[in-house]
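Residue numbers (full-length UniProt numbering): 1 to 247. Data first, discussion second: the structure below is written as structure tokens.
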């Protein structure tokens, strides 16, 4: 766990990152940018061979971005700026060949691009209620579990009505929306590790590839097959500093 005095952007040029804060987990697949404001305690976890680039922002630029952890889709221009700003050691301070004024201009372009991008629905909020935490632990361990909320409630001594209310009030989403987000996170990890679409669908609890492809496309914006292809293409062309998964 760490915390920084400056807010920072983390870019997954390839692979999949998970950004954990006290508010939950942000899923950062390839060609997404995660924003963590100053002062948030956090840690990153890489899945697969991940090309991770980090750029810190001065307060004057940070205030133009959200005051909470968030994920953005990287435009082509934002991607090229991030790669230009990050040197061979993957941190912005190591980037060679740019004067201070040039770096300032590039950073402003980057923040402007992110300001035009929509936040991605890739944040999985962390439950605080003990009952929700118990359910979260079970589903993190077995994302393919298709038990209903009522069935899960019986194991922890809470009614489905109570649990439904807690999901809405505490996490701002239904149980089924939360579980879908969780499954997409696990699916991204499996795809990063080289699993095919069919195996990934069943491992994450979908009845078949078709329903998995629909859910994946709704959240990620492309099919899992196209995502795997684009991730592999990006990995071949990005001259990465690789962070190898600890798994």
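All residues carry an ideal CB built from backbone N, CA and C; glycine is no exception.
Counting only runs that start and end within the segment 95-128, where is the beta strand (DSSP E) found for 3 or more residues in a row?
-> Under the rule that a run must span 3 or more residues, the beta strand (DSSP E) segments found entirely inside the segment 95-128 read 123-125.
Where do the ends of the beta strand (DSSP E) carrying residue 175 lie?
-> Here residue 175 belongs to no beta strand (DSSP E); instead the alpha helix (DSSP H) covers 175-192.
Using 10 angstroms around the beta-carbon of residue 1, count the other beta-carbons present and answer buried if the total reaches 16, otherwise exposed.
-> Residue environment: residue 1 is assigned as exposed (fewer than 16 neighbouring CB atoms within 10 Å of its CB, all protein chains considered).
Are at least three pairs of beta-carbons, each pair with one atom in the segment 36-47 and one in the segment 124-132, less than 8 Å apart?
-> no
To the nearest angstrom, report how far apart residue 8 and residue 83 are at their CA atoms.
-> 15 Å
Backbone secondary structure at residue 40 - three-state DSSP = In the structure shown, the three-state DSSP call for residue 40 is coil.
So, is residue 59 buried or exposed, given that buried needs 16 or more other C-beta atoms within 10 angstroms?
-> Exposed, because fewer than 16 other Cβ atoms sit within 10 Å of the Cβ of residue 59.
Assign residue 159 to one of two classes, buried (16 or more other C-beta atoms within 10 Å of its C-beta) or exposed (fewer than that).
-> Per the 10 Å Cβ criterion, exposed.
The beta strand (DSSP E) with residue 66 in it runs from where to where?
-> Taken as a continuous stretch (DSSP letters only), residue 66 belongs to no beta strand (DSSP E), as it is neither H nor E.
Rounded C-beta distance between residue 16 and residue 65? I'm assuming under 8 Å.
-> In fact, because the Cβ distance is near 22 Å, the residues do not count as touching under 8 Å.
With a 10 Å radius around its C-beta and 16 neighbouring C-beta atoms as the bar for buried, classify residue 183 as buried or exposed.
-> The residue in question, residue 183, is buried, as its Cβ has 16 or more Cβ neighbours within 10 Å.
Of the listed residues 41, 42, 114 and 69, nearest to residue 31 (C-alpha basis) | Distances from the CA of residue 31 to each of 41, 42, 114 and 69 were compared; the closest alpha carbon is that of 114.
What residues are listed by DSSP as bridge partners for residue 9?
-> 35 and 55
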